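Residue numbers (the working numbering): 53 to 411.
We put the CB at the ideal spot given by N, CA and C, even for glycine.
The structure presented is a predicted model; accordingly, all values stated were derived computationally and were not measured.
A short worksheet on the structure shown next.
As C-alpha cells, then:
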C-alpha cells in the first residue's frame, strides 16, 4: 500500500516528510532535535491510498429549521453578495477559502453549511479541540483525498487552533501540498468570535482565507423575518401576533440565536413578560448581568481595567469582553478609554430609569 508519512516536530512544530532512505528518523530535519524519549517522538500523519471511514457530515436540512441556501438567508446583504461572487470563483476557476467572524449567534455556522449546500459539497465540521488528536486530522485529509466530490472543511472557533496544526495547514492552503504529496483541493472555512486572537497567533493563516466576512448584528426587521421563517419551518400551529414578534426582536440584542431562544419559549408560553423575566431580561435585551456591570462602574466612578471589572461583576474576563462589553459600548453605556472602562452619562440615566421602574 502506498503511503507518505509526515512528522510534526514537538520542539520546532514544523512538518517534514520521512524519507525512505533516512536511517535516523528520530531526528527532526528542521531543527536537528533528537527524540530519545518515546513520548517525545514526532507525531505522524500518513496520507494513504485507501478509504478511511469518517463520519459523513452531509447536512440533512429536513431536520434543521434553518435556511438551506443564500436566498433563504435573511440579512447580511453585502456579505451575501461577496459570498455569491466567491462561489462563482470556486465553481468556475478554483476553490478558495472563507473566514467568517463576528458576534456569537449571528449565523457563522449556518453560512458555512449554506456555502457547502450551494457547492453540493461534502461537509466536515470540526472544532480545534478535536484536531489536537492527529488521528482525526489524518482521517480528514485522507477523506478529502479519496472523494471526487468537493469537500468543505469548517473549523469553528478557529482562534483556538493549535500551532502544530497551523503549520500543517499553511502549505496545504497555499500550495495544496504536504511535503511532496499533492492534497486534493478543498474549501476551508474558518469561523471565530475572536479574529484578533487568530491574527496575533498567525497572520499567515488568516491571509490564506481569500474571502473575509464580518457578520454584523441584525436589524429589528431582519430579526422579525428570521423568527417568522424559523417558526414556519417548525410547522407548529401556534398563532403569534406581530407585536410579540416585535418584542422578541427588541430584546434579542440583534442576535438571531438569542431571538430564536426567546421564540421557542413563546411557542409554549403566551406571556412575553414572563419569558423576559425567566431570561433575566430587563429592557431592550439588557439583562441583570449587564445591570451588574453598569452598577460596578457607577459605584467605582473612575476608569478601571477589564480584568478588575469582570472580577467585581463575578465574570470571566473573556465572557465580559466578548459577551457583554460589545453591546454595552454600542449602546453608549460604557466608554473605553486609555485608562480603562467608564460608565457614560447615558449609562447612568439608564440605571436611574431602571431604579425608578423598580420602585
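Please return the same chain residues whose Cβ sits closer than 7 Å to the Cβ of residue i, not counting the five positions on each side in sequence.
i	result
residue 336	302, 303
residue 333	303, 339
Roughly how many angstroms lie between the CA atoms of residue i and residue j, to the nearest whole one?
i	j	result
residue 394	residue 323	36 Å
residue 235	residue 167	21 Å
residue 369	residue 377	10 Å
residue 291	residue 298	14 Å
residue 120	residue 183	27 Å
residue 193	residue 372	37 Å
residue 388	residue 271	25 Å
residue 338	residue 181	32 Å
residue 147	residue 141	7 Å
residue 164	residue 208	10 Å
residue 211	residue 408	43 Å
residue 129	residue 347	37 Å
residue 215	residue 253	8 Å
residue 381	residue 309	20 Å
residue 250	residue 244	8 Å
residue 399	residue 300	23 Å
residue 150	residue 124	20 Å
residue 325	residue 171	43 Å
residue 342	residue 401	14 Å
residue 185	residue 350	47 Å
What residues are listed by DSSP as bridge partners for residue i?
i	result
residue 267	154
residue 230	233
residue 176	205
residue 333	339
residue 356	393
Mapping DSSP to helix, strand and coil, what is residue i?
i	result
residue 92	Note on residue 92: pLDDT 44, under 50, position unreliable in the model; the coordinate value appears next. In this structure, residue 92 counts as helix in the three-state DSSP scheme.
residue 338	strand
residue 137	helix
residue 204	strand
residue 395	strand
residue 104	Its pLDDT being 38, under 50, residue 104 is placed unreliably by the model, and the measurement read from it follows with that caveat. Three-state DSSP puts residue 104 in coil, outside helix and strand.
residue 272	helix
residue 164	helix
residue 410	helix
residue 302	helix
residue 128	coil
residue 364	helix
residue 371	helix
How about residue i: is its Cβ closer than 8 Å to a heavy atom in the ligand NAD?
i	result
residue 272	For the ligand NAD, the structure offers nothing, since it holds no ligand at all.
For residue i, which residues of its own chain have a beta-carbon under 6 Å away from its beta-carbon, when the five flanking residues on both sides are left out?
i	result
residue 379	305
residue 317	327
residue 196	203, 236, 238
residue 257	218
Can you give me the start and stop residues for the beta strand (DSSP E) that residue i sits inside?
i	result
residue 388	386 to 388
residue 242	239 to 244
residue 248	From DSSP, residue 248 is part of no beta strand (DSSP E) but of the alpha helix (DSSP H) over 247 to 253.
residue 324	Not the beta strand (DSSP E): residue 324 falls in the alpha helix (DSSP H), residues 324 to 330.
List the endpoints of the continuous alpha helix (DSSP H) containing residue i.
i	result
residue 199	It is not in any alpha helix (DSSP H) - residue 199 carries neither H nor E in the DSSP assignment.
residue 260	First-last for residue 260: undefined, no H or E at that position.
residue 182	Looking at the DSSP string, residue 182 is not in any alpha helix (DSSP H), and its letter there is neither H nor E.
residue 312	308 to 318
residue 293	Premise fails: residue 293 is in no alpha helix (DSSP H) and is neither H nor E.
residue 379	377 to 382
Under 8 Å Cβ to Cβ from residue i, same chain only, skipping five residues before and after it: list those, please.
i	result
residue 278	126, 127, 270, 308, 311, 312
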